[in-house]
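Protein chains in written order, with the numbering used here: chain A, 7 to 223; chain B, 573 to 813.
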Amino acid sequence: MGSLFTPLSWSDTGFILTGVWNTILISGLSIFVGSVLGVIVGFARAESNKYVNFLFGSVLDVLRSVPLIIQLVLFSTFMGVMGSPLPPFVAGTIILSLYTMAFMAEVFRGGFESVNNSMIIAGRSLGMTYWQTIRHVRFPIGLRSVFPAWLGVALSVIKDSALVSVIGYVELLRTSDQLISRTQQPLEILIGVGLFYFLISYPLSVYGRRIERKHAL
Amino acid sequence: MIKIENVRKSFGELEVLKGINLDVEQGEVLSIIGGSGSGKSTLLYCINAIENIQGGKIFVDGIDVHNKATNKDQLRQKLGMVFQQWNSFPHLTVLENVALAPQIVKKMSKEEAIEIAQKELKHVGLGDKFDMYPTKMSGGQQQRLAIARALAMRPDYMLFDEVTSALDPELVGEVLDTLRILREEGMTMICVTHEIAFAREVSDQVAFFHKGVIEEMGPPEQVISNPQKETTQAFLSKVLS
Ligand SMILES: Nc1ncnc2c1ncn2[C@@H]1O[C@H](COP(=O)(O)OP(=O)(O)OP(=O)(O)O)[C@@H](O)[C@H]1O
Ligand SMILES: [Mg+2]
Numbered sequence: 007m008g009s010l011f012t013p014l015s016w017s018d019t020g021f022i023l024t025g026v027w028n029t030i031l032i033s034g035l036s037i038f039v040g041s042v043l044g045v046i047v048g049f050a051r052a053e054s055n056k057y058v059n060f061l062f063g064s065v066l067d068v069l070r071s072v073p074l075i076i077q078l079v080l081f082s083t084f085m086g087v088m089g090s091p092l093p094p095f096v097a098g099t100i101i102l103s104l105y106t107m108a109f110m111a112e113v114f115r116g117g118f119e120s121v122n123n124s125m126i127i128a129g130r131s132l133g134m135t136y137w138q139t140i141r142h143v144r145f146p147i148g149l150r151s152v153f154p155a156w157l158g159v160a161l162s163v164i165k166d167s168a169l170v171s172v173i174g175y176v177e178l179l180r181t182s183d184q185l186i187s188r189t190q191q192p193l194e195i196l197i198g199v200g201l202f203y204f205l206i207s208y209p210l211s212v213y214g215r216r217i218e219r220k221h222a223l
Numbered sequence: 573m574i575k576i577e578n579v580r581k582s583f584g585e586l587e588v589l590k591g592i593n594l595d596v597e598q599g600e601v602l603s604i605i606g607g608s609g610s611g612k613s614t615l616l617y618c619i620n621a622i623e624n625i626q627g628g629k630i631f632v633d634g635i636d637v638h639n640k641a642t643n644k645d646q647l648r649q650k651l652g653m654v655f656q657q658w659n660s661f662p663h664l665t666v667l668e669n670v671a672l673a674p675q676i677v678k679k680m681s682k683e684e685a686i687e688i689a690q691k692e693l694k695h696v697g698l699g700d701k702f703d704m705y706p707t708k709m710s711g712g713q714q715q716r717l718a719i720a721r722a723l724a725m726r727p728d729y730m731l732f733d734e735v736t737s738a739l740d741p742e743l744v745g746e747v748l749d750t751l752r753i754l755r756e757e758g759m760t761m762i763c764v765t766h767e768i769a770f771a772r773e774v775s776d777q778v779a780f781f782h783k784g785v786i787e788e789m790g791p792p793e794q795v796i797s798n799p800q801k802e803t804t805q806a807f808l809s810k811v812l813s
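And the structure:
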């Protein structure tokens with residue numbers, strides 16, 4: 007009787023690379039969309055009154071405090087029940103982007119609020135319009151100051167993207183899971199996967215620390 | 573000409589300016605002195621419409637500043653302002669700080685704006701600091717940068733709000749020297765200041781503010797050297813002692 011299991015081999019490379027690519031794709035996309043939305047919401051929060059803020063703040067609090075895995079399952083099940091099931095990639099990207107946005111909004115809000123109002127008044131006194139002071143003063147100064155915090159959120163999103171596997175998206179973790187059931191070589195595979203996450207994250211965080219040091223001068 | 577007619581300004585219940593009347597002719601220097609909270613800064617902010625007013629009128633070259641139809645962004649190009657706390661843009665070099673507004677507000681080409689910026693920086697004695705970042709400069713240098721930044725817009729009037737009072741004493745002189753140069757060149761200026769000797773030296777008129785009204789106004793020989801009102805005398809003897 008032949009073995010039920012077949013060892014890991016070079017022919018699995020393609021399958022693993024698909025997982026790698028899918029992880030990069032969904033995290034990259036979610037970080038991008040989440041950052042763009044985060045800038046907009048963070049700016050709105052920094053500029054608006056406390057009532058608008060209360061509304062925004064509550065929604066963001068929910069997104070930040072309900073575990074991502076629950077949001078993914080709930081959303082994907084809900085869409086299915088409503089009769090318009092979404093492919094795992096789409097559902098995953100939507101939820102991961104919103105989740106990212108909830109953290110990014112607070113990061114950017116802090117950055118925008120840290121820009122001293124006297125600089126905005128100085129801009130206005132030079133004849134700049136409100137939007138010119140936003141574009142040339144508040145944004146560049148605020149965005150620069152939050153880069154390290156932005157990177158921190160982005161790195162955690164790369165790791166959190168593994169959770170999208172629960173709704174059936176074949177990213178790196180799910181790929182490795184399937185390989186583990188087939189090969190029964192969990193050690194090699196999990197070490198490999200862990201190494202992959204490390205290889206993406208580590209250079210980014212080193213880079214972030216370098217930028218931070220440069221700006222701290 | 574700046575014409576201020578019976579201007580009233582309140583912050584909520586607190587009335588800060590209680591009917592101010594002032595004229596500043598072309599080429600004149602007006603110094604405003606007075607105690608803390610008397611409304612000096614507030615008046616400057618009202619002149620360039622950073623703050624609104626509740627009564628009266630302000631005219632700059634005949635333009636009704638607080639009229640709804642007035643384009644305030646355009647009006648502010650006539651009025652350069654320098655503040656007590658320096659507020660250079662930290663993400664830009666010294667040269668870029670000065671060249672920014674001419675480019676985005678006056679839509680000048682980059683070359684033109686840089687040429688003007690270089691000229692104004694030399695004007696205030698910062699000709700060797702173009703590529704520096706302002707955060708590495710002293711307070712006195714940052715204030716001169718703020719003056720150059722305002723001058724690059726080619727304003728007709730300059731408003732100075734206690735530009736030396738946040739500086740270390742040894743840095744005050746270089747900034748006052750810059751103001752003296754502007755005065756020599758005939759710039760029309762309103763200077764809120766605590767430097768009484770400087771006000772006596774450069775001003776055509778001095779206005780003494782007290783609790784939101786002008787208590788006494790006239791040439792420095794009168795208001796500073798020979799004040800008529802008791803409040804003025806009390807203020808001067810306190811700041812000069
Ligand atoms: N934005 C504001 N909101 C509420 N009150 C204000 C505001 N700005 C100024 N005030 C109040 O108005 C009064 C006049 O302030 P202003 O800054 O014009 O005084 P000042 O004469 O410039 O004093 P100083 O010499 O301390 O700078 C003060 O009582 C101040 O607390
Ligand atoms: Mg003041």
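For every residue, glycine included, the Cβ atom is placed at its ideal position computed from N, Cα and C.
Note that the structure is a prediction, hence the values are computed from the model and not measured.
Notebook entry, point to check: Using the rule of at least 16 other Cβ atoms within 10 Å of the residue's Cβ for burial, across every protein chain shown, is B:D700 buried or exposed?
Noted result: exposed
Notebook entry, point to check: Who sits around ligand 1, taking every residue whose Cβ is closer than 5 angstroms to one of its heavy atoms?
Noted result: B:F583, B:V588, B:S608, B:G609, B:S610, B:G611, B:K612, B:S613, B:T614
Margin query: Could you pull the DSSP bridge partners for B:S582 from this structure?
Written below: B:E587
Item checked: Close beta carbons around A:M125, own chain, < 6 angstroms, minus the five adjacent residues each side -> V143
Checklist line | Close-in-space but distant-in-sequence residues of the same chain around B:G784 (CB under 7 angstroms, 5 per side omitted) | finding: E587, V588, L589, K590, S610, G611
Note to self: Looking at chain A, is there any beta carbon in it that lies within less than 8 angstroms of the beta carbon of B:F583?
What the structure shows: no
Next item on the list: For B:N620, name the three-state secondary structure that DSSP assigns.
Entry: coil
Check: Under a CB-based cut-off of 8 angstroms, is B:R755 close to chain A?
Finding: no
Note to self: According to DSSP, is B:S681 part of a helix, a strand, or is it coil?
What the structure shows: coil
Margin query: Would A:P146 pass as an interface residue toward chain B - the criterion being a Cβ-Cβ separation below 8 angstroms?
Written below: yes
Notebook entry, point to check: Whole-angstrom Cβ separation of A:L185 and A:L14, contact assumed at under 8 angstroms?
Noted result: 7 angstroms
Margin query: Quick test of your reading: B:V735 and B:V747, contact by CB under 8 angstroms. State the CB separation rounded to the nearest angstrom.
Written below: 6 angstroms
Notebook entry, point to check: Can you name the residues of chain A whose CB is closer than 8 angstroms to the CB of B:F732?
Noted result: The contacting residues do not exist; B:F732 stays about 12 angstroms from chain A at best.
Check: What residues from chain A crowd round B:H663, counting only those whose CB sits closer than 7 angstroms?
Finding: P146, I147, R150
Margin query: Would A:R70 and A:N59 qualify as a contact pair, given that the criterion is a beta-carbon distance under 8 angstroms?
Written below: no
Margin query: Pull the bridge partners of B:V785 from the DSSP assignment, please.
Written below: B:H782
Next item on the list: Identify every residue that forms a DSSP beta bridge with B:Q777.
Entry: B:L602
Next item on the list: For the segment 655 to 682 of chain B, enumerate the residues whose C-beta is nearer than 7 angstroms to any C-beta of chain A, in chain order.
Entry: F655, Q657, N659, F661, P662, H663, L672, A673, I676, V677
Next item on the list: Please report how far the alpha carbon of B:F807 lies from the alpha carbon of B:G606, in whole angstroms.
Entry: 7 angstroms
Note to self: Checking 8 angstroms against the spacing of the C-beta atoms, do B:P799 and B:Q777 come in under that value?
What the structure shows: no
Checklist line | Beta-carbon proximity list for B:I576, same chain, < 7 angstroms, skipping 5 on both sides | finding: I592, N593, L594, I630
Notebook entry, point to check: From which residue to which residue does the alpha helix (DSSP H) around A:F81 run?
Noted result: 74 to 87
Item checked: Distance between B:P662 and A:T19 (C-alpha atoms, nearest Å) -> 50 angstroms
Checklist line | Closest Cα partner of A:I206 within the set A:A160, A:D183, A:T189 | finding: A:A160
Check: Say the cut is 7 angstroms; is the CB of B:V764 nearer than that to a heavy atom of ligand 2?
Finding: yes
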